[in-house]
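Engineer: Okay, handing you the structure first.
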Amino acid sequence: MSVEPAVLNAPEVHHCSKCGACLHVCPVYLQKMEEGAGPRAKVQLTRHYTERSLPTSEYLNNLVNCCLMCGNCTAACPSGVQHQSLFMRMRSYMTTDHGEGWHHKVIYHFLSHEQQLRLASRFARLGRNHMLKYLSREFKIGNIPARRLPEWNQQPFREQTPEEPLAEADSRGTILYFTGCGTNYIYDQVGHALCHILKIMGFRVEIPESQVCCGLPLFIHGNLKKAANNITTNVKLFNREDIVAIVTDCATCGSALHREYSNVLKELGLATEAAEKMSTRVRDIGEFILTNYALLEPHLNPETNRQKVTYHMPCHLRNGQGITTEVEELLKRLPHVDYARAVDYDHCCGGGGTFFYDHPETSHQIVSEKIKNARATGADLWVTGCPGCSINLSGNLEETDTISVEHILLLIDRALQK
Amino acid sequence: MIGEGGYQQSMNTLIKKKFHSIVGDDHFRDRPEDLISYSYDAFTVEAAPDLVLLPVSTTQISEILKLASEHRIPVTARGAGSSICGAPVPIHGGIVLSMTMMNKILETNTADRYCIVEPGVINGDLQVELAKTGFFYPPDPGSMAFSTIGGNLAQNAGGPRCLKYGVTSDYVLGMEVVLASGEVIRFGSRNVKDVTGYRLSGLFCGSEGTLGIVTEITLKVLPQPEAYRTVLAVFNNLDDSAATVSDIIGAGILPAALELLDKVLINVVEDANNIGLPRGAEGLLLIEVDGSEEQVEKELALITGKARNNNAVDIQQARTPAEREALWRARRSLYSCMARLKPNCIVEDATVPASKLPEMIRGIRAIINKYGLLAGISAHAGDGNMHPLISCDMRDQEEMERVDKAIEEIFKLAMACNGTLSGEHGIGIAKRKYLSMSIDEPTLNFMHTLKHAVDPHGILNPGKAI
Numbered sequence: 005m006s007v008e009p010a011v012l013n014a015p016e017v018h019h020c021s022k023c024g025a026c027l028h029v030c031p032v033y034l035q036k037m038e039e040g041a042g043p044r045a046k047v048q049l050t051r052h053y054t055e056r057s058l059p060t061s062e063y064l065n066n067l068v069n070c071c072l073m074c075g076n077c078t079a080a081c082p083s084g085v086q087h088q089s090l091f092m093r094m095r096s097y098m099t100t101d102h103g104e105g106w107h108h109k110v111i112y113h114f115l116s117h118e119q120q121l122r123l124a125s126r127f128a129r130l131g132r133n134h135m136l137k138y139l140s141r142e143f144k145i146g147n148i149p150a151r152r153l154p155e156w157n158q159q160p161f162r163e164q165t166p167e168e169p170l171a172e173a174d175s176r177g178t179i180l181y182f183t184g185c186g187t188n189y190i191y192d193q194v195g196h197a198l199c200h201i202l203k204i205m206g207f208r209v210e211i212p213e214s215q216v217c218c219g220l221p222l223f224i225h226g227n228l229k230k231a232a233n234n235i236t237t238n239v240k241l242f243n244r245e246d247i248v249a250i251v252t253d254c255a256t257c258g259s260a261l262h263r264e265y266s267n268v269l270k271e272l273g274l275a276t277e278a279a280e281k282m283s284t285r286v287r288d289i290g291e292f293i294l295t296n297y298a299l300l301e302p303h304l305n306p307e308t309n310r311q312k313v314t315y316h317m318p319c320h321l322r323n324g325q326g327i328t329t330e331v332e333e334l335l336k337r338l339p340h341v342d343y344a345r346a347v348d349y350d351h352c353c354g355g356g357g358t359f360f361y362d363h364p365e366t367s368h369q370i371v372s373e374k375i376k377n378a379r380a381t382g383a384d385l386w387v388t389g390c391p392g393c394s395i396n397l398s399g400n401l402e403e404t405d406t407i408s409v410e411h412i413l414l415l416i417d418r419a420l421q422k
Numbered sequence: 215m216i217g218e219g220g221y222q223q224s225m226n227t228l229i230k231k232k233f234h235s236i237v238g239d240d241h242f243r244d245r246p247e248d249l250i251s252y253s254y255d256a257f258t259v260e261a262a263p264d265l266v267l268l269p270v271s272t273t274q275i276s277e278i279l280k281l282a283s284e285h286r287i288p289v290t291a292r293g294a295g296s297s298i299c300g301a302p303v304p305i306h307g308g309i310v311l312s313m314t315m316m317n318k319i320l321e322t323n324t325a326d327r328y329c330i331v332e333p334g335v336i337n338g339d340l341q342v343e344l345a346k347t348g349f350f351y352p353p354d355p356g357s358m359a360f361s362t363i364g365g366n367l368a369q370n371a372g373g374p375r376c377l378k379y380g381v382t383s384d385y386v387l388g389m390e391v392v393l394a395s396g397e398v399i400r401f402g403s404r405n406v407k408d409v410t411g412y413r414l415s416g417l418f419c420g421s422e423g424t425l426g427i428v429t430e431i432t433l434k435v436l437p438q439p440e441a442y443r444t445v446l447a448v449f450n451n452l453d454d455s456a457a458t459v460s461d462i463i464g465a466g467i468l469p470a471a472l473e474l475l476d477k478v479l480i481n482v483v484e485d486a487n488n489i490g491l492p493r494g495a496e497g498l499l500l501i502e503v504d505g506s507e508e509q510v511e512k513e514l515a516l517i518t519g520k521a522r523n524n525n526a527v528d529i530q531q532a533r534t535p536a537e538r539e540a541l542w543r544a545r546r547s548l549y550s551c552m553a554r555l556k557p558n559c560i561v562e563d564a565t566v567p568a569s570k571l572p573e574m575i576r577g578i579r580a581i582i583n584k585y586g587l588l589a590g591i592s593a594h595a596g597d598g599n600m601h602p603l604i605s606c607d608m609r610d611q612e613e614m615e616r617v618d619k620a621i622e623e624i625f626k627l628a629m630a631c632n633g634t635l636s637g638e639h640g641i642g643i644a645k646r647k648y649l650s651m652s653i654d655e656p657t658l659n660f661m662h663t664l665k666h667a668v669d670p671h672g673i674l675n676p677g678k679a680i
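Protein chains in written order, with the numbering used here: chain A, 5 to 422; chain B, 215 to 680.
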């Protein structure tokens, strides 16, 4: 069960000056164009709920949960309100008041029990392939047609790699790789590309075997306690002095490890020192490669087939880790890339954890705009650095689309001389 | 049931159904959560409406107002709700008419230099659209990234570059307005020169939705200037910086912006932005000129001369667009820097003739000190538009009493300087009690006569503006 003191402690609500600066940056508000959909109303409704001038209701629960947790509001807030922490707490209260749907319960259960998740992924793989034969073409999971969902890995990525670290003779040091569920269960080729690239750059890659889901899908939906075990396990494994960096290929996991762990622990009244220490070493793989580009450059084959590429910036990279221009900069440097920026390259894709499932219409409107503008660039490849965004962007493309979605690591890996 | 003020007290289900049939499900909101969501702007007073409607057409609005008139239901128009004087807060209940879904740019015509927009268009979005063809719309309120043109018009919004270019009302060529009766009127045209009939746009700008609901606006737009020069002048004495402003304006130079910051603000801005502002300085002027290359060079030389004559200890010029942007970002961050110090931040905007600036700044500083407030002084100094920023906590009653007293004294001081209550934020609920300081009785009566003539039942945003 969620944390449950008598009254929601929400000091943030008194710091909101109600100026409205959060409205025009909120992807949900921009779709719905009504106050209740925006961050300011969520803060004010939370205030009324806390002060007991508004009773709880299913409708309130819906309003509070109709949020991508993208962090744009926090980034734009003149008064420094930490919306994500506040909403996380409010969501846990809503769960206490109204419970959660069985499908959410199932997801949260698996994400907090890695062993079972591993097993479930095998069934899911079979299930997906089997079920697709029987489902109509129109059947959708949230806003995504079932046929456009990615296939699950034959075997989880972490079981495909040797337990021994990938060593190099002239090692420039050890990198711990936090693989995330996206790579582990769905996009194993991204994980292989990451190991290959870092190895060529001279690093020794170590993949702690007993790592678990970063926990972000749990805590942003208010399941703080369930997330606490995941956080503690990961911090224990990754908080090491003898390493160069902890890398992630997932912007969402990165933001959890980089920023949110200590926030969640603080919310729960637990010690944050180890998480804070660990967070200083967390690096997004795109940014890490750019910073160490000199190590990669000699290995890139200038003869590689050129591609016109556009980019989607994940919210969890910009707002969650403060990485703004780095990945675009990297794309511009790659010898086989013609980079074309989409006008809304830095807008949210509308995926937002389970948002695409819970609010399919709004999510679809948001992603459709993205797709329109990505097509307009004329690019044939749409790269990003987050499996969640990949699933949503790719899942909403048409069968006839010539543009396809890919992790930036696969693009880089193709240019390595083999 | 008709209650205080002659308004319908609670809306019965039957009337609600009638409104529902005008706009339909997607544009009708009456749950408590929605009513709370429309109970506030950035001012302190809050009040929930009985009903929220989000119309998408003039026809719908006309039908809504006919019905509201018939049943004496107050109607309060609302844009982004970013006003800081309570203008869109429905203090008599009734309907909040949210204009956010009427947000189309209907036409931009650079050959004839105008554009036509619906009221819900965001100022910043219009700027982006106009910039594609090398044009701009000058009024630039601090909220421009999220406030609507309709809201800007209702408050007759200004901003830093209004010193040179004028405020919202200087750019409104024409409007479509739905009157309280539901009748639709259109006035003005697409012509910059137009003396056909009364110039009603001047009347509706700043009327805070008390005279009619604006449904379409024709705006004058300008070509972007060819060149900019941006400088920062540093002073060890606040009076010297104020004197520099008076000298510049007095010499007939009209910069695109002339912004003043006092020591408190210099330091909080530097804490947050870390761009190398001189922490020891007592006063800072951010000056921007725009125009042709020759013109900006000439004006820049004159301005730096005036600053040096008034003992400026340092004058720094932004050398790159990035440096210019950093200075403006710092200026725009004033509010947020002060808002972070305490839960709330009140910005006043009493305005005085530019020559009274030194006197006004000294006076405001004395008042702030007298009441022991945490406050900084900024000003769109070129047009005497003062912006004292007061950090406070609404929950601290004792502090708020001091804030109230200080604000009243600032207004008295402004009046003694031939000033006015509000330069660009509007009256709303916030300054209504001070109106008599600025407007005499016959004049206020004349305004009420006008209001009564167009809105005999007083249903349009009652309790605001006048």
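Beta carbons: idealized from backbone N, C-alpha and C, even for Gly.
For H234 of chain B, which residues of its own chain have a beta-carbon under 8 Å away from its beta-carbon, when the five flanking residues on both sides are left out?
Structural biologist: Here residue 234 of chain B corresponds to residue number 20 of the second sequence, with the count starting at 1. Counting only Cβ-Cβ distances below 8 Å, and skipping sequence neighbours, we find F242.
Engineer: Run through the region 461-535 of chain B for me and flag every whole beta strand (DSSP E) of 3 or more residues, listed as ranges in chain order.
Structural biologist: Fully enclosed beta strand (DSSP E) runs of 3 or longer: 471-476, 497-505, 528-531.
Engineer: Who are Y181 of chain A's beta bridge partners in DSSP?
Structural biologist: Translated into the one-based positions of the first sequence, residue 181 of chain A becomes position 177. Per DSSP, A:V251.
Engineer: At the 8 Å Cβ level, is C711 of chain B part of the contact set with chain A, yes or no?
Structural biologist: Outside the modelled stretch of chain B, which goes from 215 to 680, sits residue 711 of chain B, for which no answer is possible.
Engineer: The region 17-41 of chain A: which residues have C-beta closer than 7 Å to a C-beta of chain B, in chain order?
Structural biologist: Listed by position along the chain: H18, H19, S21, K22, C23, G24, A25, L27, H28, M37, E38, E39, G40.
Engineer: Hey, D654 of chain B and M600 of chain B are a contact pair by Cβ (cut 8 Å); roughly how many whole angstroms apart?
Structural biologist: On the second sequence, position 440 is the one that residue 654 of chain B refers to. On the second sequence, position 386 is the one that residue 600 of chain B refers to. That belief does not hold up - the Cβ atoms of D654 of chain B and M600 of chain B are roughly 23 Å apart, past 8 Å.
Engineer: Give the residues from the region 301-320 of chain B that approach chain E closer than 8 Å (Cβ to any Cβ), ordered along the chain.
Structural biologist: The structure shown contains no chain E; the protein chains it does contain are A and B.
Engineer: Determine, for G169 of chain B, whether the minimum Cβ-Cβ distance to residues of chain A falls below 8 Å.
Structural biologist: Lying outside 215 to 680, the shown extent of chain B, residue 169 of chain B is not represented and no answer is given.
Engineer: Assuming T424 of chain B contacts K665 of chain B under a Cβ cut-off of 8 Å, what Cβ separation, rounded to an integer in Å, is found between them?
Structural biologist: Translated into the one-based positions of the second sequence, residue 424 of chain B becomes position 210. Translated into the one-based positions of the second sequence, residue 665 of chain B becomes position 451. Right, their Cβ atoms sit about 6 Å apart.
Engineer: Would you call the region 614-622 of chain B and the region 499-512 of chain B in contact, with 3 or more CB pairs under 8 Å?
Structural biologist: Short answer: they don't touch.
Engineer: Exposed or buried, K374 of chain A, counting other C-beta atoms within 10 Å across all chains shown (16 or more means buried)?
Structural biologist: Position 370 of the first sequence, counted from the start, is the residue given in the question as residue 374 of chain A. So K374 of chain A counts as buried.
Engineer: To the nearest angstrom, report how far apart V387 of chain A and Y343 of chain A are at their CA atoms.
Structural biologist: Here residue 387 of chain A is taken as the residue at index 383 of the first sequence, counted from 1. Here residue 343 of chain A is taken as the residue at index 339 of the first sequence, counted from 1. Cα to Cα, V387 of chain A sits roughly 11 Å from Y343 of chain A.
Engineer: For A14 of chain A, decide whether its Cβ has a neighbour in chain B, counting only Cβ atoms nearer than 8 Å.
Structural biologist: Taking the first sequence and counting its residues from 1, one reaches residue 14 of chain A at position 10. It does not; no Cβ of chain B falls within 8 Å.
Engineer: Would you kindly work out how many angstroms separate the C-alpha atoms of E333 of chain A and E62 of chain A, rounded to a whole number?
Structural biologist: As a first step, residue 333 of chain A must be located in the first sequence, where it is residue number 329. As a first step, residue 62 of chain A must be located in the first sequence, where it is residue number 58. Cα-Cα distance, rounded: 45 Å.
Engineer: Counting only C-beta atoms, is S89 of chain A closer than 8 Å to chain B at any point?
Structural biologist: By 1-based counting over the first sequence, the position of residue 89 of chain A is 85. Closer than 8 Å: no.
Engineer: Does the count of Cβ pairs from the region 386-393 of chain B and the region 432-443 of chain B closer than 8 Å reach three?
Structural biologist: Touching, yes.
Engineer: I want to know whether the region 466-481 of chain B touches the region 521-534 of chain B - three or more CB-CB distances under 8 Å.
Structural biologist: Verdict: no, contact absent.
Engineer: Inspect the CB distances between the region 303-319 of chain B and the region 254-270 of chain B and report whether three or more fall short of 8 Å.
Structural biologist: Cβ pair count under 8 Å is three or more, so yes.
Engineer: Quick one: Cα of E16 of chain A to Cα of R287 of chain A, how far?
Structural biologist: Against the first sequence, residue 16 of chain A aligns to sequence position 12. Against the first sequence, residue 287 of chain A aligns to sequence position 283. Roughly 29 Å between the two C-alpha positions.
Engineer: By the criterion of Cβ-Cβ separation under 7 Å, what are the contact partners of F360 of chain B in chain A?
Structural biologist: Looking up residue 360 of chain B in the second sequence gives position 146. Within 7 Å Cβ-Cβ: G24, A25, L27, H28.
Engineer: Can you tell me the Cα-Cα spacing of K336 of chain A and I395 of chain A, whole angstroms?
Structural biologist: Along the first sequence, one-based indexing puts residue 336 of chain A at 332. Along the first sequence, one-based indexing puts residue 395 of chain A at 391. Roughly 24 Å separates the two Cα atoms.
Engineer: Which same chain residues, not among the five before or five after A540 of chain B, have their C-beta less than 7 Å away from its C-beta?
Structural biologist: Counting from 1 along the second sequence, the entry for residue 540 of chain B is found at position 326. Contacts found: I489.
Engineer: Let me see if you follow: with CB-CB separation under 8 Å, is K43 of chain A close to chain B or not?
Structural biologist: Residue numbering aside, residue 43 of chain A sits at position 39 when the first sequence is read from its first letter. For the record, residue 43 of chain A in the displayed sequence is Pro; it is not Lys. Taking Cβ atoms only, chain B never reaches closer than 8 Å to P43 of chain A, which makes this a no.
Engineer: My output table needs one value for E245 of chain A: the three-state DSSP class, helix, strand or coil.
Structural biologist: For this step, residue 245 of chain A is matched to residue 241 along the first sequence. Correct three-state label for E245 of chain A: coil.
Engineer: Taking 7 Å as the cut-off, is the beta-carbon of N524 of chain B closer than that to any non-hydrogen atom of the ligand COA?
Structural biologist: The ligand COA is absent from the structure shown, which contains no ligands of any kind.
Engineer: Is E562 of chain B helix, strand or coil when you go by DSSP?
Structural biologist: Indexing the second sequence from 1 puts residue 562 of chain B at position 348. If DSSP states are grouped into helix, strand and coil, E562 of chain B belongs with coil.
Engineer: Run through chain B and tell me which residues come within less than 9 Å of G84 of chain A, C-beta to C-beta.
Structural biologist: Counted from its first residue, the first sequence places residue 84 of chain A at position 80. Within chain B, the residues near G84 of chain A are S550, A553, R554.
Engineer: What does the alpha-carbon distance come out to for the pair S175 of chain A and L115 of chain A?
Structural biologist: Taking the first residue of the first sequence as position 1, residue 175 of chain A is located at position 171. Taking the first residue of the first sequence as position 1, residue 115 of chain A is located at position 111. Those two C-alpha atoms are separated by around 34 Å.
Engineer: Terminal residues of the continuous beta strand (DSSP E) containing P602 of chain B?
Structural biologist: In the second sequence, residue 602 of chain B corresponds to position 388, counting from 1. P602 of chain B -> beta strand (DSSP E) spans 599-606.
Engineer: Would you give the residue range spanned by the alpha helix (DSSP H) that V32 of chain A belongs to?
Structural biologist: Along the first sequence, one-based indexing puts residue 32 of chain A at 28. Residues 31-36.
Engineer: Note down, in chain order, every chain B residue with its Cβ under 9 Å from the Cβ of S61 of chain A.
Structural biologist: Position 57 of the first sequence, counted from the start, is the residue given in the question as residue 61 of chain A. Result: R245, P246, E247.
Engineer: Which full runs of the alpha helix (DSSP H) of 4+ residues lie inside the region 223-258 of chain B, going along the chain?
Structural biologist: Within the region 223-258 of chain B, the complete alpha helix (DSSP H) runs of at least 4 residues are 227-237, 246-251.
Engineer: From the DSSP output, which residues share a beta bridge with R285 of chain A?
Structural biologist: In the first sequence, residue 285 of chain A corresponds to position 281, counting from 1. DSSP, once it has assigned bridges, lists no residue as partnering R285 of chain A.
Engineer: Going along chain B in order, which residues have a C-beta closer than 7 Å to the C-beta of H52 of chain A?
Structural biologist: Within the first sequence, residue 52 of chain A is the residue found at index 48, counting from 1. The contacting residues are I250.
Engineer: In this structure, does DSSP put T78 of chain A in helix, strand or coil?
Structural biologist: Within the first sequence, numbered from 1, the residue matching residue 78 of chain A stands at position 74. Residue state, collapsed to three classes: helix.
Engineer: Pick out the complete alpha helix (DSSP H) segments inside the region 90-135 of chain A, 4 residues or longer, and give them in chain order.
Structural biologist: Taking only runs of at least 4 residues, the alpha helix (DSSP H) segments lying wholly in the region 90-135 of chain A are 106-115.
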